[in-house]
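**Q** So this note's numbering is basically just the index in the sequence shown, starting at one, shifted up by 108. By construction, the Cβ of each residue, glycine as well, lies at the ideal position given by its N, Cα and C atoms. This is the structure I want to talk about, given as structure tokens.
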Amino acid sequence: MRERTEPRELAVLTVDIFDVSLRCLGDVIASPESQRVVTTPCRQCGCDVETIAINAPFVACDPCLAKHKKDERTKRHRDYWESVCPASYRDTDPKRKDFPLAIWQTIKADYDAQPEQSWFLYGPTGSAKTRTAMLLMLRALHRKDIPVQAIWPEKLAMLNRQSFNDGESYFDRMAKVGMLLLDDALLTACRESKLIDAVKMLLDARMRAKLPTIITSQIGNEDDLAGGKEFGDAKTADLERIKALLRRVRESCRIVSFAKVETGKDQTSF
Ligand SMILES: Nc1ncnc2c1ncn2[C@@H]1O[C@H](COP(=O)(O)OP(=O)(O)OP(=O)(O)O)[C@@H](O)[C@H]1O
Ligand SMILES: [Mg+2]
Ligand SMILES: [Zn+2]
Numbered sequence: 109m110r111e112r113t114e115p116r117e118l119a120v121l122t123v124d125i126f127d128v129s130l131r132c133l134g135d136v137i138a139s140p141e142s143q144r145v146v147t148t149p150c151r152q153c154g155c156d157v158e159t160i161a162i163n164a165p166f167v168a169c170d171p172c173l174a175k176h177k178k179d180e181r182t183k184r185h186r187d188y189w190e191s192v193c194p195a196s197y198r199d200t201d202p203k204r205k206d207f208p209l210a211i212w213q214t215i216k217a218d219y220d221a222q223p224e225q226s227w228f229l230y231g232p233t234g235s236a237k238t239r240t241a242m243l244l245m246l247r248a249l250h251r252k253d254i255p256v257q258a259i260w261p262e263k264l265a266m267l268n269r270q271s272f273n274d275g276e277s278y279f280d281r282m283a284k285v286g287m288l289l290l291d292d293a294l295l296t297a298c299r300e301s302k303l304i305d306a307v308k309m310l311l312d313a314r315m316r317a318k319l320p321t322i323i324t325s326q327i328g329n330e331d332d333l334a335g336g337k338e339f340g341d342a343k344t345a346d347l348e349r350i351k352a353l354l355r356r357v358r359e360s361c362r363i364v365s366f367a368k369v370e371t372g373k374d375q376t377s378f
């Protein structure tokens with residue numbers, strides 16, 4: 109049977125590294141021998157790298173380090189993006205004939221110049237508002253490492269739920285995320301007066317924090333409200349709330365009007 113040795117503290121062990129007897133890790137690191145400059149192969153590509161002796165077993169050259177960092181970042185972004193963007197929106201190709209390329213190019217340039225800008229993308233169904241919003245969010249994530257989130261219509265009611273276990277509510281989380289998409293929120297919010305208020309408060313909180321929000325909507329102005337069957341049943345007080353929310357959105361966002369792209373026509377003619 110093997111004899112059991114009692115565990116001892118690191119500081120009382122004597123370590124022989126770099127030909128010097130040492131009593132703790134700090135001594136190892138500080139010893140002149142470990143600080144000696146040596147040439148050693150990069151652990152990734154094998155090219156010669158100059159480094160201090162203590163780093164030699166772990167060293168990689170600058171290009172390998174940069175590549176590793178980039179790969180890690182790409183993987184992190186890809187996993188994150190998959191958790192935010194539904195599969196059906198991941199395949200957006202701005203060059204497709206039925207996609208409003210010119211609108212996207214304008215938004216993209218404006219975003220790069222003014223990343224704090226919020227956006228109100230409105231237009232009929234199928235005019236690529238949500239796809240455009242997702243492209244903008246992907247750009248914010250990739251280019252600026254900004255955390256992005258989307259609130260889909262079926263999740264909107266969660267804004268009025270109480271805190272989660274960790275004490276942070278969905279509202280609070282959405283109020284501080286770097287960039288937020290509120291997809292079709294106006295139509296959904298008008299079903300419940302409390303939701304209209306929640307969306308308005310969320311927008312106000314984000315405006316105060318100078319965080320950009322993207323709102324997609326089939327309703328662009330008060331005239332659209334008059335015709336919508338969804339608003340036929342709305343109480344007068346709710347209708348006023350929706351109008352106030354719409355006004356707030358229009359005041360605080362850059363407004364972009366979308367139209368269904370006619371395929372076969374010139375891309376710039378909508
Ligand atoms: N893979 C793709 N790449 C680019 N554009 C696409 C692709 N697939 C579809 N489209 C275009 O995008 C449109 C749908 O986009 P999207 O869902 O963003 O519309 P929307 O304006 O948000 O509609 P709704 O108001 O109903 O939500 C299609 O009508 C088509 O013109
Ligand atoms: Mg949409
Ligand atoms: Zn290398």
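May I ask you to check if the CB of residue 171 is nearer than 7 Å to at least one heavy atom of ligand 3?
**A** Indexing the sequence shown from 1 puts residue 171 at position 63. True, at least one ligand heavy atom lies under 7 Å from that Cβ.
**Q** Skipping 5 residues on each side, what residues in its chain have a beta carbon closer than 8 Å to that of residue 169?
**A** Walking along the sequence shown from the start, residue 169 turns up at place 61. Excluding sequence neighbours, residue 169 sits near 150, 152, 153, 155 and 157.
**Q** By the three-class DSSP mapping on this structure, what secondary structure does residue 220 have?
**A** Reading the sequence shown from its first residue, position 112 is the one you call residue 220. Three-state DSSP puts residue 220 in a helix.
**Q** Apart from the five residues just before and just after residue 270, which ones in its own chain have a Cβ nearer than 7 Å to its Cβ?
**A** The residue labelled residue 270 in the question sits at position 162 within the sequence shown. If we look at residue 270 and ignore the five residues flanking it on each side, its Cβ neighbours are 277.
**Q** Starting from residue 266, trace the beta strand (DSSP E) in both directions and tell me its first and last residue.
**A** Here residue 266 refers to the residue found at position 158 of the sequence shown. From DSSP, residue 266 is part of no beta strand (DSSP E); its letter is neither H nor E.
**Q** CB-CB under 8 Å to residue 366, same chain, minus the five flanking residues each way: which ones, in chain order?
**A** Working through the sequence shown from its first residue, we reach residue 366 at position 258. Excluding residues within five positions, the ones whose Cβ falls inside 8 Å are 208, 211, 229, 230, 231, 232, 235, 236, 237 and 240.
**Q** With a threshold of 7 Å on Cβ separation, who are the neighbours of residue 193 within its own chain once the five nearest residues in sequence on each side are excluded?
**A** Position 85 of the sequence shown, counted from the start, is the residue given in the question as residue 193. Answer for residue 193: 242, listed in chain order.
**Q** Cα separation between residue 282 and residue 176?
**A** Working through the sequence shown from its first residue, we reach residue 282 at position 174. Working through the sequence shown from its first residue, we reach residue 176 at position 68. C-alpha separation (whole angstroms): 32 Å.
**Q** Assign residue 320 to buried or exposed, taking buried as 16 or more other Cβ atoms, counted over all protein chains shown, within 10 Å of its Cβ.
**A** As a working mapping, residue 320 is identified with position 212 in the sequence shown. Buried.
**Q** Once the 5 residues before and after residue 306 are set aside, which same chain residues still bring their CB inside 6 Å of it?
**A** Counting from 1 along the sequence shown, the entry for residue 306 is found at position 198. So the list reads 267 and 268, once near-sequence residues are dropped.
**Q** Taking 7 Å as the limit, name every residue whose beta carbon sits nearer than that to some heavy atom of ligand 2, in sequence order.
**A** 237, 238, 291, 292 and 324
**Q** Could you tell me if residue 275 is buried or exposed, where buried requires 16 or more neighbouring beta carbons within 10 angstroms of its beta carbon?
**A** By 1-based counting over the sequence shown, the position of residue 275 is 167. Result: exposed.
**Q** Could you tell me the alpha carbon to alpha carbon distance between residue 328 and residue 354, rounded to whole angstroms?
**A** The count along the sequence shown starts at 1 and reaches residue 328 at position 220. The count along the sequence shown starts at 1 and reaches residue 354 at position 246. Cα-Cα distance, rounded: 8 Å.
**Q** So is the beta-carbon of residue 168 under 7 Å away from any non-hydrogen atom of ligand 3?
**A** Sequence index remark: in the sequence shown, residue 168 carries index 60 (1-based). Yes, the beta carbon of residue 168 sits closer than 7 Å to at least one heavy atom of ligand 3.
**Q** So for residue 212, helix, strand or coil by DSSP?
**A** Along the sequence shown, one-based indexing puts residue 212 at 104. Correct three-state label for residue 212: helix.
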